[in-house]
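The sequence shown begins at 10 in my numbering and counts up by one. Just so you know, even glycine gets a beta-carbon here, dropped at the ideal spot from N, CA and C. Written below as structure tokens is the structure these notes are about.
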Amino acid sequence: MFTFDEYTKNIEKLTNQNPFFSTSSIESALEFNSKLSKIAIDTFKKNSEITQEWSKETLGALEKLTKTHKNPSDYTKVVNDFVVDQSQSSPKHLAEYAEIAKKAQLDTIDLYMTAGKEINEEMTKSAKKASNKTVVTTAE
Numbered sequence: 010m011f012t013f014d015e016y017t018k019n020i021e022k023l024t025n026q027n028p029f030f031s032t033s034s035i036e037s038a039l040e041f042n043s044k045l046s047k048i049a050i051d052t053f054k055k056n057s058e059i060t061q062e063w064s065k066e067t068l069g070a071l072e073k074l075t076k077t078h079k080n081p082s083d084y085t086k087v088v089n090d091f092v093v094d095q096s097q098s099s100p101k102h103l104a105e106y107a108e109i110a111k112k113a114q115l116d117t118i119d120l121y122m123t124a125g126k127e128i129n130e131e132m133t134k135s136a137k138k139a140s141n142k143t144v145v146t147t148a149e
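Here's what the structure looks like:
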């Protein structure tokens with residue numbers, strides 16, 4: 010049975026023998042996932058803020074509907090005001106959602122483009138390293 014030290018030594022041997030393996034690629038993947046998660050969490054937070062604001066506005070407007078009025082025409086006016094307020098606030102909030110989605114998309118694209126460049130550079134370095142380690146022998 011392998012001990013932890015033997016296991017570690019064998020992994021180090023395998024990774025040293027493989028010219029394309031590097032711990033920096035694992036670190037890069039972890040960093041990439043961290044940045045991608047941050048974009049998702051920030052987007053969710055912003056969406057939650059808009060939803061909360063919109064809900065508070067709607068509940069405030071609904072509160073006016075629940076109050077007792079003496080004239081039936083007052084009810085008509087309150088309902089009309091509610092509908093007008095909602096029809097005006099909906100496009101505003103939907104536009105805010107669209108802006109958040111657009112920013113998240115742009116941030117994600119930027120992150121993927123940066124990661125692609127880094128991967129390309131890493132592969133170039135690994136290929137150069139591998140070509141320097143390669144020994145050509147000829148059979149006689």
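Return helix, strand or coil for residue i, following the three-state DSSP convention.
i	result
N80	coil
Please name the residue in the options whose C-alpha comes closest to that of residue i.
i	options	result
N56	S46, I109, S98	I109
T60	T133, S37, E105, A124	E105
T101	E62, K44, P81	The sequence as given places Lys at residue 101; Thr does not occur at that position. For K101, the nearest C-alpha among the options comes from E62.
F91	S98, A70, K111, F53	A70
Residue i and residue j look like a contact to me (Cβ under 8 angstroms); what is the Cβ gap, rounded to whole Å?
i	j	result
A124	F41	5 angstroms
A113	I48	6 angstroms
K73	V87	5 angstroms
K44	L120	6 angstroms
E127	S37	6 angstroms
Just curious, the alpha helix (DSSP H) that residue i is in, first and last residue?
i	result
N25	13-26
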